[in-house]
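Beneath this line is the structure, given in structure tokens, with notes to follow.
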Amino acid sequence: MTSPNNRALERYKNAVTAATSVVGAAMLLRRLIADILPGTALGALLLLPPASARRHAVLIEEFDGALYNRVFLAARAYVSTLLAAAPSVPLMKASLPRGAGAEHVLLAMRPGTAVVDVFDGAKLTWRLSRKQDGRRRAAEDAREVFKLSFDAQHKDMVLGSYLPAVMARVEAMSQEQRQTKLYSNEWGKWRTVRLRNASTFATVAMDAALREAVVDDLDRFLTRKEYYQQTGRAWKRGYLIHGPPGTGKSSLVAAISNHLHFDVYDLDVGGVRSNTELRKLLIRMKNRSILLVEDVDCAVTTAPRREANGEGPDGSNPPSKNHKVTLSGLLNMVDGLWSSSGHERILIFTTNHKDRLDPALLRPGRMDMHVHMGYCGFVAFRELAANYHGVHDHPLFAEIEAQLREVEVAPAEVAERLLATDDADAAVEMAAKLLRDRKAGTGEDVGYIKQKLHAGPRRPRRPPAPAPRRGVVGAARRAVLDEEIGGSSRRGQGRGGSGTARRGRGGVRGRGRR
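Residue 524, in this note's numbering, is where the sequence shown stops; the numbers in between run on with no holes.
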């Protein structure tokens with residue numbers, strides 16, 4: 011027989027269990043109603059908050075371990091664009107990156123401020139705060155944190171669409187605002203400066219059809235990543251730019267760099283000490299870059315091909331002591347295994363003498379496209395006149411067009427005349443005078459092309475004199491001194507004096523007369 015106390019305890023347990031079940035059922039019912047009928051009269055009767063009142067958040071911290079969080083950096087750049095268009099942010103920070111122009115001022119949020127973004131009809135709030143590290147007490151050591159908050163119903167959209175769109179937008183912005191750099195090799199390392207050449211395809215004087223063909227080829231190269239992967243080829247493209255001096259080869263390289271937003275690595279083959287160093291330089295290049303070898307005919311001359319027996323192609327020993335980079339090393343750089351060390355690269359060779367290049371460099375797969383930059387034609391001249399002085403028509407254009415059919419003149423020479431004055435009429439007249447003088451064979455620039463192409467007669471180069479050894483220096487100085495004394499004696503003998511040199515010469519001549 012149970013006692014009254016035990017019966018009371020049993021009733022208490024049953025009551026608690028029943029109450030717990032009722033509360034759980036009520037909470038489940040409330041959640042179901044809130045998800046199915048949000049914002050309705052039934053939801054208001056049950057005192058349910060609207061769907062917009064239930065918020066989720068994503069925290070994006072500044073550091074991911076010891077490294078910067080790439081999502082945080084992208085969020086900071088993206089929020090900068092929101093601040094530029096936001097009308098209700100009272101306090102912002104402004105900064106200018108090193109080397110950037112005034113048009114690239116960056117806006118940033120102060121801790122505790124927020125900005126609202128709208129994506130596919132959903133409102134999302136970015137808020138910046140500081141997270142104090144327990145091990146660090148200084149305020150400047152506090153790490154920044156972005157809090158992205160949104161309605162719970164937009165969770166899948168934010169994680170699946172919004173954040174990837176933010177990352178893609180920032181990547182596109184970085185490519186548009188990217189400042190191209192120029193690298194040069196020095197002692198086996200790349201040294202960099204900012205590339206400030208403003209040449210574009212619109213400003214380079216070249217044939218319109220050739221310009222369009224180069225631009226189309228470059229754009230097609232950028233979009234064929236999957237094609238190169240399917241065919242098992244390295245994602246690279248080779249261009250040979252050839253033509254006389256002053257025809258715009260370097261300007262075309264700068265235009266390609268500005269069009270693609272690629273850095274330029276200007277390789278001085280003469281400054282590379284070995285094939286191994288050449289491979290190291292190639293590995294240290296970034297992706298999405300241009301490798302430039304100017305005057306490749308001279309580079310190949312200083313880097314002869316070396317056969318298996320250690321001899322050159324003509325049976326002679328190549329000067330390997332001074333130039334250890336071989337033509338085989340250059341070919342491996344172009345399309346060997348080491349050429350696959352990076353992707354999305356452009357290789358450009360320039361030369362004034364295409365006929366001097368080894369045929370192995372010119373075959374398809376190494377130099378995929380040959381671009382000839384020729385002498386100035388009338389179309390190129392009109393582009394120069396329009397770019398430099400805004401002149402699209404002039405009474406002298408008919409004469410200049412006729413002269414350009416008969417005269418070979420480099421675009422650089424024409425540009426020099428157009429830049430000589432700010433008066434458009436005087437500039438066109440100076441260009442016309444250049445063509446008249448060139449046709450007549452007069453003027454100071456008649457030998458410009460011959461001098462640049464080394465077509466004229468060249469004076470033979472004298473070999474350097476060997477350094478005198480010790481013990482020979484004194485004898486050489488005495489010989490020079492004796493020669494000077496002998497010359498003075500001959501001059502004195504002519505005036506009636508006498509000397510040993512005169513007696514010697516007289517003896518020889520006397521014997522000759524006898």
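Don't be surprised by glycine CBs; every beta carbon is placed ideally from N, CA and C.
Quick caveat: nothing in here was measured; it's all calculated off a predicted structure.
| field | Three-state secondary structure assigned by DSSP to T27 | value | If DSSP states are grouped into helix, strand and coil, T27 belongs with the helices.
| said: Tell me the rounded alpha-carbon separation between H404 and R392. | reply: 10 Å
| query | From L19 to V26, what distance separates their C-alpha atoms? | reply | As the crow flies, the alpha-carbon of L19 is around 11 Å from that of V26.
| field | Enclosing alpha helix (DSSP H) for M440 [first to last residue] | value | 434-450
| request: Could you give the DSSP three-state label for G481: helix, strand or coil? | output: Reliability fails at G481, whose pLDDT of 46 lies under 50, so the model's placement of it is uncertain and the value that follows must be treated cautiously. Coil.
| query | Can the beta-carbon of K527 be found less than 7 Å from the beta-carbon of M383? | reply | Summary: the structure shown does not reach residue 527, with the chain confined to residues 11 through 524, and so no result is reported for it.
| task | Take R298 and list the residues in its own chain whose beta-carbon comes closer than 6 Å to its own, dropping the five residues that flank it on each side. | result | Contacts found: F272, E354.
| message | According to DSSP, simplified to helix, strand and coil, what is V456? | response | Residue confidence for V456 is low, a pLDDT of 41 falling below 50, so the modelled location carries little weight and cannot support an answer.
| message | Considering only their Cβ atoms, is the gap separating A441 from P421 smaller than 7 Å? | response | no
| task | Would you check if there are 3 or more beta carbon pairs closer than 8 Å linking the region 81-94 to the region 173-180? | result | Yes, they touch.
| 8 Å Cβ shell around A104 - same chain, five flanking residues per side excluded | V115, L116, L117, A118
| message | Applying the 10 Å Cβ sphere with the 16-neighbour rule, what's the burial state of R64? | response | exposed
| query | For V203, which option in T210, S194, L341 has the closest C-alpha, if you only look at C-alpha atoms? | reply | S194
| query | In three-state DSSP terms, what is F156? | reply | F156 falls in the strand class under three-state DSSP.
| message | To the nearest angstrom, how far is the alpha carbon of L173 from that of D226? | response | C-alpha separation (whole angstroms): 33 Å.
| task | State the start and end residues of the unbroken alpha helix (DSSP H) segment that holds D345. | result | 337-345
| What three-state label does DSSP hand P14 in the structure shown? | helix
| Looking only at its own chain, which residues have a Cβ that is under 6 Å from the Cβ of F129, when we skip the five neighbours before and after it? | Y172
| query | Identify the residues that DSSP records as bridge partners of S299: which are they? | reply | DSSP output for S299 lists D273, R355 as bridge partner(s).
| request: Give every residue of the same chain whose Cβ lies closer than 8 Å to the Cβ of D305, excluding the five residues on either side of it in the sequence, and list them in chain order. | output: Cβ-Cβ distances below 8 Å link D305 to T360, T361, N362 in the same chain, with the five nearest sequence neighbours on each side left out; the list follows chain order.
| field | Secondary structure of S508, DSSP reduced to three states | value | Confidence is the limiting factor: at S508 the pLDDT is only 40, short of 50, which leaves the residue's position unreliable, though a coordinate-based value still follows. Residue state, collapsed to three classes: coil.
| field | Inter-residue spacing [alpha-carbon to alpha-carbon] between A436 and N285 | value | 53 Å
| Using CA coordinates, which residue listed in G451, A450, E409 is at the minimum distance from E439? | E409
| field | Residue burial classification, L292 (beta-carbon count within 10 angstroms, cutoff 16) | value | buried
| request: Name the one or two DSSP bridge partners that A382 has. | output: The residue asked about is misnamed: residue 382 is His in this sequence, not Ala. H382 pairs with H252.
| request: Could you tell me how far apart the beta carbons of E3 and R153 are, in whole angstroms, since I believe they sit closer than 8 Å? | output: Outside the shown range of the chain (11 to 524) lies residue 3, about which nothing can therefore be said.
| said: On the CB-based measure, 16 or more other CB atoms within 10 Å of its CB, does R480 come out buried or exposed? | reply: With a pLDDT of 44 at R480, under the threshold of 50, the predicted position of this residue should be treated as unreliable, and no value is reported.
| request: Mind checking which residues open and close the alpha helix (DSSP H) that includes Y172? | output: Unbroken run through Y172: none, as it is neither H nor E.
| task | Decide if H252 is buried, meaning its Cβ has at least 16 other Cβ atoms within 10 Å, or exposed. | result | buried
| First and last residue of the uninterrupted alpha helix (DSSP H) at K235 | Here the alpha helix (DSSP H) through K235 covers 235-241.
| field | Inter-residue CB distance, G248 and V168 (contact presumed, cutoff 8 Å) | value | 44 Å between Cβ atoms; not a contact.
| Going by other Cβ atoms of all chains shown within 10 Å of its Cβ, with 16 needed for buried, is T233 buried or exposed? | exposed
| Burial state of P254, where buried means 16 or more other Cβ atoms lie within 10 Å | buried
| field | C-alpha distance - S159 paired with T135, whole-angstrom precision | value | 5 Å
| task | Pull up the CB-CB distance for R137 and A124, whole angstroms please, since I reckon it's below 8 Å. | result | Between the beta-carbon of R137 and that of A124 there is about 4 Å, and that keeps the pair under the 8 Å contact cut.
| field | Identity of the residue in A434, R415, R294 nearest H402 by Cα | value | A434
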